[in-house]
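Novice:
Residue numbers (this note's numbering): 8 to 571.
The structure is reproduced here in structure tokens:
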């Protein structure tokens, strides 16, 4: 395995020296980061900082922290269920005045409270839709920082520099990979045996017939390469069209075609080697497979679970200690089936959805499922809980994102822990992530960090009670049309969580009286703290009985009571 170069930020800081004012600001940001473990600034501020300042900041981080991957010394993939994840689209990390680029994205990472990032596709493609890849190798030049290009940091080196920044911040780095490419991608013409083909607009699935079509495509492409110079992808498509040949496109997107995983072991091997390339060249730590939601247990029906198992084996084959993780889209209730096929995490739909009674019913059912599946397992499987503030600026959507963050942090405990999976900017309520994957637009950043305060408070309180959440058990759980509540116990400690349930009438939770005496272990508790997450400190309540009197929780609000 090739070892990617290290200390790229030191080189960049040397080549792009900061001014005295920039250096002073970088030093202040570094002190804040070292003190808090993250920066309390909005994304729009951080992605707008000048590159010399960013390089100065990371050069300071390099003096105090290792650029080694945080999972390098792990012996297996159990870290996958312990970490939390943020989806990152480089193209979205900009503003109207400061176009997004690879290295400005690095500065945004300092705000994260998660422990890993998943990069959206960043290689060249047809049009603005990032899913329509034309190459798995060539990085989009439009994502590169022009200033870094001038000092010899090409787009590929900039990706490695971004990964180094993540590792310096103790973040693992994953890459999103689909088995589909654009119908005019280079690999379609260079390796036609990896795909299925049509003749005269008709598709014949017979493998022998497909082999004949593969040879015809190879012959036409080879002839073109010998006889013409400066060929474009459209030239190959035109020549093949004259012979009635075309790759079999996907039913839901005619601009995409999928690898022939059921027809060719070579295609399956190629899919796995893409991650090997990125791992060895740039230092990626795990793989996130997309387009796998329809994976079947049966063979000869397209993508199936045996393919995912093969991919997982290929990914881990090059790992020093089988520590390379794999996440895949799929049905959350099939978590055990995916798990025994080598998938550590099953990703549910990340699209925004209401936190209504149906959502809580599904969430509690999955919590029970995970407790059953992971009981006694060292290597646990899980399903991340998605947080997405939506595609439009909206206070209700931001409140819903806070609700789901609260549930993600305080429901799944012990073997039922669910990692948090947030869209870029979700911490502050930024909107429009899904749109940035299909259009050349930046994220809808909030103008300041005020909206991030409640999210950070939730994270701080969850971190304070991390031992309870890691080792505790959920004893009870209830939900109806207006509220949900549950109790977690660890030794003599209780956490009682209450959260609003979205409903058509916009009714807030009713006043509740919860007697926690039956759940106590040992002596009478000494205190109760109530958290509404407007601050990180809980409000001390006088104990006159063993009943929690919960009143005044607003619609889409929540409370946490700590009993000790």
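For glycine and all other residues, C-beta sits at the position ideal for the given N, C-alpha and C. Being a predicted model, the structure only gives us computed values, none of them experimental.
Evaluate residue 66 with the Cβ neighbour count: other Cβ atoms within 10 Å of its Cβ, from every protein chain shown; 16 or more gives buried, anything less gives exposed.
Specialist: Buried, by the Cβ-count rule.
Novice: Could you check where the alpha helix (DSSP H) with residue 474 kicks off and where it finishes?
Specialist: DSSP places residue 474 inside the alpha helix (DSSP H), whose first and last residues are 473–478.
Novice: Please classify residue 552 as buried or exposed, where buried requires at least 16 other C-beta atoms within 10 Å of its C-beta.
Specialist: exposed
Novice: Note down, in chain order, each residue of its chain lying with its Cβ closer than 6 Å to the Cβ of residue 137, except the 5 sequence neighbours on either side.
Specialist: 127, 128, 444
Novice: Between 427, 364, 365, which lies nearest to residue 354 when the distance is taken from Cα to Cα?
Specialist: If we check each option's Cα against that of residue 354, 427 comes out closest.
Novice: Given a cut-off of 8 Å on the beta-carbon distance, is the pair residue 347 and residue 279 in contact?
Specialist: no
Novice: What does the Cβ neighbour count give for residue 375, buried or exposed, with the cut at 16 atoms within 10 Å?
Specialist: exposed
Novice: Of the choices 190, 441, 504, whose alpha-carbon is the least far from that of residue 244?
Specialist: Cα-wise, what sits closest to residue 244 is 190.
Novice: So, is residue 512 buried or exposed, given that buried needs 16 or more other C-beta atoms within 10 angstroms?
Specialist: exposed
Novice: When you compare only the Cα positions, how much space is there between residue 307 and residue 296?
Specialist: Low confidence applies here, because residue 307 scores a pLDDT of 49, under 50, leaving its location unreliable; read the following figure in that light. If I take the Cα positions, the gap works out to 20 Å.
Novice: Would you call residue 8 buried or exposed, if buried means 16 or more other Cβ atoms sit within 10 Å of its Cβ?
Specialist: Its pLDDT being 42, under 50, residue 8 is placed unreliably in this model, and the coordinates cannot settle the point.
Novice: Does DSSP put residue 28 in a helix, a strand or coil?
Specialist: helix
Novice: Within the continuous alpha helix (DSSP H) that includes residue 273, where are the two ends?
Specialist: 272–289
Novice: May I ask you to list the residues that DSSP assigns as paired with residue 537?
Specialist: When beta bridges are read from the DSSP output, residue 537 appears opposite 546, 568.
Novice: State the beta-bridge partners of residue 1 as determined by DSSP.
Specialist: Summary: the structure shown does not reach residue 1, with the chain confined to residues 8 through 571, and so no result is reported for it.
Novice: By a C-beta neighbour count over all protein chains shown, 10 Å radius and 16 as the cutoff for buried, is residue 518 buried or exposed?
Specialist: exposed
Novice: In whole angstroms, give me the CA-to-CA distance for residue 118 and residue 170.
Specialist: 16 Å
Novice: Between the segment 39–58 and the segment 99–118, can you find at least three pairs of beta-carbon atoms closer than 8 Å?
Specialist: yes
Novice: Can you tell me the Cα-Cα spacing of residue 523 and residue 356, whole angstroms?
Specialist: 36 Å
Novice: Let me know the beta strand (DSSP E) ranges lying completely inside the segment 158–186, each 3 residues or longer, listed in chain order.
Specialist: Fully enclosed beta strand (DSSP E) runs of 3 or longer: 179–185.
Novice: Taking 8 Å as the limit between beta carbons, can you name the residues of its chain near residue 526, skipping five residues before and five after?
Specialist: 482, 483, 494, 496, 501.
Novice: Alpha carbon to alpha carbon, how far is residue 241 from residue 215?
Specialist: So the alpha carbons of these two residues sit roughly 28 Å apart.
Novice: In the DSSP assignment, find the unbroken alpha helix (DSSP H) run with residue 223 in it and report its ends.
Specialist: 214–234
Novice: What first and last residue would you give for the beta strand (DSSP E) that runs through residue 254?
Specialist: 252–254
Novice: Any idea what DSSP makes of residue 334, helix, strand or coil?
Specialist: strand
Novice: Identify the continuous alpha helix (DSSP H) that holds residue 556 and give its terminal residues.
Specialist: Per DSSP, residue 556 belongs to no alpha helix (DSSP H); it is in the beta strand (DSSP E), 554–557.
Novice: Here's the rule I'm using: 16 or more other beta-carbon atoms within 10 Å means buried, otherwise exposed. How should residue 71 be labelled?
Specialist: exposed
Novice: Just confirm the distance between the C-beta atoms of residue 430 and residue 60, as a whole number of angstroms; I'd bet it's less than 8 Å.
Specialist: Actually they are not in contact, since the Cβ atoms of residue 430 and residue 60 sit about 26 Å apart, beyond 8 Å.
Novice: Can you tell which of 62, 123, 456, 338 has its C-alpha closest to the C-alpha of residue 14?
Specialist: 62
Novice: What are the boundary residues of the alpha helix (DSSP H) that residue 145 is part of?
Specialist: No alpha helix (DSSP H) contains residue 145, which DSSP labels as neither H nor E.
Novice: Going by the beta-carbon positions, is the gap between residue 204 and residue 254 smaller than 8 Å?
Specialist: yes
Novice: Using the C-alpha atoms, what's the distance from residue 360 back to residue 556?
Specialist: 30 Å
Novice: Work out the CA separation of residue 256 and residue 224 for me, nearest whole Å.
Specialist: 16 Å
Novice: Please report the residue range of the beta strand (DSSP E) in which residue 206 lies.
Specialist: 204–206
Novice: By how many angstroms is the C-alpha of residue 111 removed from the C-alpha of residue 194?
Specialist: 31 Å
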